[in-house]
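Notes follow the structure.
2 protein chains.
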Amino acid sequence: MKIVVDAMGGDHAPAVVIEGVVEALNETDAKVALVGQQDRVEEELKRYSFDRARVEVIHADEIVEMHDPATTPIRKKKNSSIAIGIGLLKSEQYNAFISAGNTGAVVAASTIILGMIPGVERPAIGLVIPTIKGFAFLIDVGANTDPKPEHLLQSSLMAGVYAKEVLGRDKPRIGLLNIGEEASKGTDFVKTTHKLMTDHLPNFAGNIEPNAIFDGDFDCIICDGFAGNLVIKVSEGLMESATTVLKREIKKSPVSLLGALLMKSRLKQLKQYADYTEYGSAPLLGVNGIVMISHGRSDAKAIKNAIKAAKREIDHNIISRFKQEVIENQ
Amino acid sequence: MKIVVDAMGGDHAPAVVIEGVVEALNETDAKVALVGQQDRVEEELKRYSFDRARVEVIHADEIVEMHDPATTPIRKKKNSSIAIGIGLLKSEQYNAFISAGNTGAVVAASTIILGMIPGVERPAIGLVIPTIKGFAFLIDVGANTDPKPEHLLQSSLMAGVYAKEVLGRDKPRIGLLNIGEEASKGTDFVKTTHKLMTDHLPNFAGNIEPNAIFDGDFDCIICDGFAGNLVIKVSEGLMESATTVLKREIKKSPVSLLGALLMKSRLKQLKQYADYTEYGSAPLLGVNGIVMISHGRSDAKAIKNAIKAAKREIDHNIISRFKQEVIENQ
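Protein chains in written order, with this note's numbering: chain A, 1 to 330; chain B, 1 to 330.
Okay, here's the thing in structure tokens:
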């Protein structure tokens with residue numbers, strides 16, 4: 001079992017990626033293949049001590065930049081770390097691919113190189129998000145902005161498996177994100193999807209309103225990629241702006257400043273609660289292989305967590321489980 | 001000039017509504033018509049001292065409940081405070097209507113009783129939201145979940161006028177809410193709308209990403225009613241859950257608890273920043289009359305603010321300005 005990591009993906013690559021990989025090596029028994037510009041990768045690796053036998057470095061000349069079109073690894077940069085890294089999954093030796101690089105490029109390359117799971121028409125990105133009770137699985141957060149209701153049903157089936165196998169929920173409650181609880185609420189698209197899920201989805205628990213996302217009463221929250229991306233980006237923007245407002249307020253009085261200092265460690269916990277886009281692991285579901293997408297701003301901890309999540313997916317044979325679930329329910 | 005207020009609308013009506021009306025009477029020179037069950041309204045009014053000459057009470061026997069269908073005031077409860085209150089705007093004496101009641105019912109009744117502004121096909125609810133620099137105007141937050149691109153263009157024209165006349169922005173920057181900055185990003189609907197706005201909307205400043213909503217660089221943020229409702233409900237849920245997490249963290253250590261106490265007044269400022277759904281005024285644009293919708297949980301301050309906002313709209317002759325702007329740009 002070997003996990004392929006895109007050494008060149010992310011705002012702080014390769015340094016931060018390799019730092020995260022080393023942390024994962026030291027905390028788990030994972031084997032990793034680092035794909036990227038060999039000399040730069042080797043130079044970074046020199047800075048750490050770890051079990052070198054568990055790391056393979058595979059050279060990839062090109063880098064897909066963040067602003068490159070999604071088709072880049074397929075059309076123009078076939079020697080990029082994304083194209084080569086995903087291609088490795090076609091061999092049985094390599095079992096998962098992780099990248100903090102250009103999301104659109106990873107989605108497109110995974111879809112074309114790996115193909116789709118039979119019965120699944122479109123890929124979807126899931127994200128493990130924090131709730132006041134633990135975690136929930138939000139899907140899709142941006143792969144498919146104009147899905148058909150059938151696509152959401154297919155994602156839901158996989159999400160249920162993911163929640164059970166990877167997040168350990170025995171009977172996951174699956175909700176459809178909508179602006180009202182009643183089946184009659186929302187867009188035509190959501191109403192049609194609601195009906196389809198009622199008829200075909202085991203564990204469908206009805207609509208979930210956006211203000212209930214973080215309550216933790218649902219294990220999986222299903223939506224189109226536009227809505228899901230909106231949810232995570234609004235959360236990001238709100239917490240950032242609220243932090244700015246709070247800092248400004250605190251500076252207005254020395255007493256508040258003292259209070260803030262005393263609370264510092266706890267405020268940090270809150271920040272972590274809110275920074276889920278950076279720390280959460282985001283599996284790309286629907287493609288015929290394990291692919292994890294990390295935020296471009298990922299730090300070493302986020303990379304390490306992605307490796308651990310990928311390892312769990314491999315251990316639970318998640319792709320076979322997806323295939324089985326989709327076949328049984330269609 | 002007289003502002004009509006639905007005395008029976010909202011979770012704490014009529015008590016809280018009347019408390020807010022009295023506050024507005026004491027802080028402004030507004031004249032108010034309270035519509036609702038006369039005995040209950042009069043009883044509440046007895047509790048306060050204010051200029052009685054500026055308050056008219058108009059009896060309405062029925063109450064539209066929060067769970068009633070949107071068509072209720074038109075079909076079943078024609079003697080409700082919503083139906084009677086909105087009907088008053090057909091007379092020149094009454095110039096605005098405010099309700100914290102059933103939003104769908106207010107939208108439907110306003111549309112049917114008042115009709116639309118020429119050139120505007122659908123109503124849209126705007127909401128004044130906080131940003132780190134002041135305020136922005138988010139529209140639509142829930143009236144029209146399946147709009148056509150043309151509807152968003154029409155709302156944008158009115159939003160620009162609103163930002164200028166009521167919020168005092170000289171040349172309002174108008175942005176289209178999208179999950180990417182580039183014109184090529186997002187759903188087919190958003191892409192078509194982007195093109196339409198580029199061609200026809202003065203002051204169009206391009207796409208705005210959801211994480212930038214609270215930065216304050218845009219004066220108006222345009223979206224469909226599903227997306228807008230998602231934005232405000234996700235914000236609400238995130239801040240509520242973050243507060244829960246913070247309280248839990250604080251209780252873990254006496255030092256943090258002391259810190260929190262010292263910061264209390266500043267944390268309150270933050271809470272107010274986040275509670276904008278309850279305090280913001282939400283004008284219903286597109287209908288041929290001034291209608292303001294308040295959150296069902298509105299407190300007296302929210303009602304008072306809605307009355308002040310309605311007064312500003314009347315003073316600025318907002319409906320005539322909408323009509324002029326829509327005619328000039330079509």
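Each residue gets a CB set at the ideal place from its N, CA and C atoms; glycine is no exception. The structure presented is a predicted model; accordingly, all values stated were derived computationally and were not measured.
The beta strand (DSSP E) that contains residue i, what's its start and end?
i	result
residue 118 (chain A)	First-last for residue 118 (chain A): undefined, no H or E at that position.
residue 127 (chain B)	124-131
residue 179 (chain A)	Unbroken run through residue 179 (chain A): none, as it is neither H nor E.
residue 292 (chain A)	290-293
Can you check DSSP and say which residues form a bridge with residue i?
i	result
residue 2 (chain A)	A:94
residue 56 (chain B)	B:33
residue 80 (chain B)	B:62
residue 220 (chain A)	A:137 and A:174
Chain A partners of residue i, CB-CB under 8 Å?
i	result
residue 218 (chain B)	Those do not exist, as residue 218 (chain B) stays about 12 Å from chain A at its closest Cβ, beyond 8 Å.
residue 226 (chain B)	179, 186, 187, 190 and 227
What in chain A is Cβ-close to residue i, meaning under 7 Å?
i	result
residue 236 (chain B)	211
residue 129 (chain B)	Neighbours of residue 129 (chain B) on chain A: none; closest Cβ ~10 Å, over 7 Å.
residue 101 (chain B)	In chain order: nothing, as chain A lies at least about 16 Å away.
Considering residue i, what are the terminal residues of the alpha helix (DSSP H) in which it resides?
i	result
residue 149 (chain B)	149-165
residue 137 (chain B)	Residue 137 (chain B) -> not in any alpha helix (DSSP H); beta strand (DSSP E) instead, spanning 134-139.
residue 330 (chain B)	Element bounds for residue 330 (chain B): n/a, residue is neither H nor E.
residue 241 (chain A)	225-251
residue 15 (chain B)	15-27
residue 197 (chain A)	188-200
If we count the other Cβ atoms within 10 Å of its Cβ and call it buried at 16 or more, is residue i buried or exposed?
i	result
residue 198 (chain B)	exposed
residue 67 (chain A)	exposed
residue 53 (chain A)	exposed
residue 37 (chain A)	buried
residue 299 (chain A)	buried
residue 330 (chain A)	exposed
residue 179 (chain B)	buried
residue 327 (chain A)	exposed
residue 271 (chain B)	exposed
residue 207 (chain B)	buried
residue 281 (chain B)	buried
residue 154 (chain B)	buried
residue 130 (chain A)	buried
residue 80 (chain A)	buried
residue 61 (chain A)	exposed
residue 254 (chain A)	exposed
residue 247 (chain A)	exposed
residue 202 (chain B)	exposed
residue 134 (chain A)	exposed
residue 289 (chain B)	buried
Starting from residue i, find everything on chain A with Cβ-Cβ shorter than 9 Å and list it in chain order.
i	result
residue 55 (chain B)	None at all; the shortest Cβ gap to chain A is about 35 Å.
Does DSSP put residue i in a helix, a strand or coil?
i	result
residue 72 (chain B)	helix
residue 34 (chain A)	strand
residue 208 (chain B)	strand
residue 298 (chain A)	coil
residue 110 (chain B)	helix
residue 285 (chain A)	strand
residue 99 (chain A)	strand
residue 259 (chain A)	helix
residue 306 (chain A)	helix
residue 265 (chain A)	helix
residue 49 (chain B)	coil
residue 169 (chain A)	coil
residue 11 (chain B)	coil
residue 215 (chain A)	helix
residue 89 (chain A)	coil
residue 143 (chain B)	coil
What residues of chain B sit near residue i, judged by a beta carbon separation below 7 Å?
i	result
residue 214 (chain A)	237, 238 and 241
residue 249 (chain A)	266, 269 and 270
residue 146 (chain A)	187 and 188
residue 244 (chain A)	132
residue 138 (chain A)	Those do not exist, as residue 138 (chain A) stays about 11 Å from chain B at its closest Cβ, beyond 7 Å.
residue 273 (chain A)	242 and 245
Give the residues of chain B in contact with residue i, contact being defined as C-beta atoms less than 8 Å apart.
i	result
residue 170 (chain A)	The premise fails here: residue 170 (chain A) is roughly 24 Å from chain B at the closest Cβ pair, so nothing lies under 8 Å.
residue 256 (chain A)	262, 263, 265 and 266
residue 284 (chain A)	Per Cβ cutoff of 8 Å: no residues; residue 284 (chain A) is ~17 Å from chain B at best.
List the residues of chain B that residue i touches, going by C-beta distances under 9 Å, in chain order.
i	result
residue 233 (chain A)	179, 209, 210, 211, 212 and 213
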